[in-house]
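Chemist:
Residue numbers (my numbering): 43 to 407.
Given below as structure tokens:
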């Protein structure tokens with residue numbers, strides 16, 4: 043048993059210590075194991091750590107719970123992924139609230155070139171389900187991985203259609219991997235593991251409590267290059283996911299519906315308030331995401347009269363193939379830390395090589 047893994051799981055189980063505070067603790071203490079060896083008086087010097095949290099950290103019960111969790115993941119061949127691991131999803135690691143630990147059972151690479159999230163109401167109309175299936179079918183030609191939340195309605199419709207077409211699909215769960223919720227989706231989940239997977243930040247024994255699902259939704263939003271909303275009311279999980287995706291500077295798309303149709307109120311609101319692109323077909327996504335761009339036919343043959351650094355050239359090479367890109371996608375494509383990327387983007391802008399667009403997007407001039 044790896045001590046590193048023991049303490050990594052243990053810190054994620056400390057009550058009232060979320061991902062943001064856990065990172066601060068690791069930074070202040072000098073490592074994950076060091077958090078559990080730091081004295082109470084020193085813990086109290088750390089910002090946001092009071093008596094209650096210090097007591098929670100010093101309670102060694104979480105170490106025993108972590109030992110039990112390691113036995114569980116070894117028995118069921120579950121992959122634990124820590125936020126400092128190389129295989130941690132690149133799209134997530136730049137967000138301050140990204141999960142500290144992820145638990146994954148599946149076969150797909152979580153760093154696929156193209157990932158699309160599909161969410162919607164748990165009680166869709168037949169029209170909504172048919173449109174969802176049509177979207178997945180059209181997306182197949184772009185070699186994307188479909189992610190959703192394995193919930194009733196639009197979520198499971200997207201997963202099932204992906205399975206039928208042999209497309210990779212990952213379900214992000216709001217509970218531990220010792221169960222499937224809803225239980226009716228167990229058969230679909232088993233098929234997904236063989237060509238896709240199941241992903242969660244929650245350890246075994248965690249029940250599908252309502253508070254877990256907004257947290258689950260941020261993983262869907264963070265992993266997706268584009269998020270599609272198919273039928274939703276004006277409030278609920280799909281709207282929360284769309285809001286998070288907007289905050290993450292992701293491209294959001296919504297299927298418009300009839301006026302005053304309760305199943306489309308949320309989609310229409312997202313479009314009307316400019317929080318989602320109107321989507322009539324997958325062609326709208328390919329246009330905005332520039333998926334059909336051929337590097338050899340972009341017509342962007344530029345004579346560069348400035349000498350670029352290796353990092354600047356890497357950024358220019360990525361932007362050459364695209365009309366524009368948001369900063370998160372640029373970070374993923376270039377694999378550059380946010381601070382280094384921002385500094386070099388500023389340098390390129392000073393050299394009149396790139397232009398900053400609304401929504402933290404960048405394009406070559």
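No residue lacks a Cβ here, since even glycine has one placed at the ideal position from N, Cα and C. Computed from a predicted structure; not experimentally measured.
Any chance the region 264-280 sits against the region 346-366, with 3 or more Cβ pairs inside 8 Å?
Modeler: no
Chemist: Could you tell me the alpha carbon to alpha carbon distance between residue 83 and residue 75, rounded to whole angstroms?
Modeler: 17 Å
Chemist: Within 10 Å of its beta-carbon, does residue 399 have 16 or more other beta-carbons around it, so buried, or fewer, so exposed?
Modeler: exposed
Chemist: Starting from the N-terminal side, write out each stretch of the beta strand (DSSP E) that is 3 residues or longer and does not extend beyond the region 233-310.
Modeler: 238-242, 268-272, 293-296
Chemist: Please return the same chain residues whose Cβ sits closer than 7 Å to the Cβ of residue 380, not counting the five positions on each side in sequence.
Modeler: Here the set comprises 136, 373.
Chemist: What's the gap between the Cα of residue 139 and the Cα of residue 61?
Modeler: Counting only the Cα atoms, residue 61 lies some 6 Å from residue 139.
Chemist: Assign residue 113 to one of three DSSP states: helix, strand, or coil.
Modeler: helix
Chemist: Grab the span of the beta strand (DSSP E) containing residue 146 for me, first residue to last.
Modeler: 143-148
Chemist: Please state whether the Cβ-Cβ distance between residue 157 and residue 144 is less than 7 Å.
Modeler: no
Chemist: In angstroms with no decimal places, state the Cα-to-Cα distance between residue 53 and residue 204.
Modeler: 36 Å
Chemist: With H, G and I counted as helix, E and B as strand and the rest as coil, what does DSSP make of residue 331?
Modeler: Residue state, collapsed to three classes: helix.
Chemist: Does residue 225 pass the burial test, meaning 16 or more other C-beta atoms within 10 Å, or should it be called exposed?
Modeler: Counting Cβ neighbours within 10 Å, residue 225 comes out exposed, since fewer than 16 surround it.
Chemist: With 16 other CB atoms within 10 Å as the buried threshold, where does residue 329 fall?
Modeler: exposed
Chemist: Does the region 206-220 touch the region 230-248, meaning 3 or more C-beta pairs lie closer than 8 Å?
Modeler: yes
Chemist: In terms of alpha-carbon separation, which member of 56, 327, 275 lies closest to residue 166?
Modeler: 275
Chemist: DSSP three-state call for residue 122: helix, strand or coil?
Modeler: Of the three classes helix, strand and coil, the one that applies to residue 122 here is strand, per DSSP.
Chemist: Once DSSP output is grouped into helix, strand and coil, what is the label at residue 162?
Modeler: strand
Chemist: Along the chain, where does the beta strand (DSSP E) that runs through residue 190 open and close?
Modeler: 187-190
Chemist: Can you tell me the Cα-Cα spacing of residue 307 and residue 256, whole angstroms?
Modeler: 20 Å
Chemist: Buried or exposed: which applies to residue 13, given that a residue is buried once 16 or more other Cβ atoms fall within 10 Å of its Cβ?
Modeler: Given a span of 43 to 407 for the chain in the structure shown, any question on residue 13 remains unanswerable.
Chemist: Take the Cβ of residue 49 as the centre, count every other Cβ of all protein chains shown within 10 Å, and call the residue buried at 16 or more, exposed below.
Modeler: Counting every other CB atom within 10 Å of its CB across the protein chains shown gives residue 49 a total of 16 or more, marking it as buried.
Chemist: Determine the burial state of residue 172: buried for a count of at least 16 other Cβ atoms within 10 Å of its Cβ, exposed for fewer.
Modeler: Burial call: exposed.
Chemist: Can you tell me the Cα-Cα spacing of residue 335 and residue 317, whole angstroms?
Modeler: Summary for residue 335: the model assigns pLDDT 39, below 50, so the residue's position carries little reliability, and this model does not support an answer.
Chemist: In the DSSP output, what is residue 157 paired with across the bridge?
Modeler: 187
Chemist: Do residue 370 and residue 259 come within 7 Å of each other at the CB atom, strictly closer than that value?
Modeler: no
Chemist: Cutting at 7 Å between CB atoms, please list the residues of its own chain near residue 56, excluding the five before and the five after it.
Modeler: 98, 99, 104
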